[in-house]
Amino acid sequence: MRVRIYSDLHREFEAWEPPECSGVDLVILGGDIDKKGRGVRWANQAFSCPVAYVAGNHEFYDGHIDRTLLKMKDGAAGHVHILENETLVLGNLRVLGTTGWTDFSSTGDQIAASNMAREWMGDFKYIRTDSNYRRLRPDDVIARNHAAKAWLRQELAKKFEGKTLVVSHHSPSPLVIGNEHEGHLTASYTNDWQDLIPLADVWVFGHTHKAAEVELAGCRVISNPKGYPNENTGFDPDFEIQI
């Protein structure tokens, strides 16, 4: 199966179109494609093959976190699958999709990392939640992260005869995100899910704006982000894997 992988296209800043995808069996979109439902509408038209799409944090900017996700699902064509703690099975490939978020624990001081995130990350200025549309808080993100991890652990424990690909917007390991983000701000970009990584064959992530393709504990860990206009991320518009 030919799988094309993209994340962090950030079409809210600059339009971008993929190269020819004929013969591609599946496209993975690892989040931050565009704001709100715009990325879904684009994917509906840009690809004719199945698409597995997890929301990034930027999909929720200027919107309500739960209502945006519902609108994304409602707007998706039949071949575009919006996954939030959900599984897509295509033949002998199982795709587990989740935004993931983080619990700010990967640098060893959750409180310090949460406070830094609240000060520096746009998520807590531009994303709304609850019935009163209050601003998102680090505690909200931590709860979603714990739910995502529990779901992944449960699904990865289920027997499956084929291959398993996990796609999350946030990184599963500090080992693959580079050194651009220093100190506790690193914890806003990555989890430390060393116990889950060996249970997947491939793990695709985004968010860090740094391309990666490494093997960790027998799992191929991959990111192919375009990033912001003129940002040097190592992006390959033709990047594919065979699985």
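Position 5 of the sequence shown, counted from 1, bears residue number 26 in the numbering used here, the numbering being contiguous throughout.
For glycine and all other residues, C-beta sits at the position ideal for the given N, C-alpha and C.
query: Looking at H190 and G248, is the spacing between their C-beta atoms short of 8 Å?; result: no
query: Under 8 Å between the Cβ atoms of G255 and A232?; result: yes
query: What three-state label does DSSP hand P159 in the structure shown?; result: helix
query: Looking at G118: is its Cβ nearer than 8 Å to the Cβ of V75?; result: yes
query: Determine whether the beta carbon atoms of W172 and N106 lie at a separation below 8 Å.; result: yes
query: How do the region 81-99 and the region 145-157 stand: do at least 3 beta-carbon pairs fall below 8 Å, yes or no?; result: yes
query: Pull up the DSSP beta-bridge partners for S244, would you.; result: A233
query: Can you give, in chain order, each stretch of the alpha helix (DSSP H) that sits fully within the region 41-110 and has at least 4 residues?; result: 59-67 and 86-96
query: Let me check understanding here. Comparing Cα to Cα, which of K94, K184 and T229 lies closest to I264?; result: K184
query: Tell me whether R115 sits in a helix, a strand or coil according to DSSP, three-state version.; result: strand
query: Decide if N253 is buried, meaning its Cβ has at least 16 other Cβ atoms within 10 Å, or exposed.; result: exposed
query: Start and end of the beta strand (DSSP E) containing R149?; result: I148 to T150
query: Quick one: give me the first and last residue of the alpha helix (DSSP H) that E268 is part of.; result: Lying outside 22 to 264, the shown extent of the chain, residue 268 is not represented and no answer is given.
query: Along the chain, where does the beta strand (DSSP E) that runs through Q263 open and close?; result: E261 to Q263
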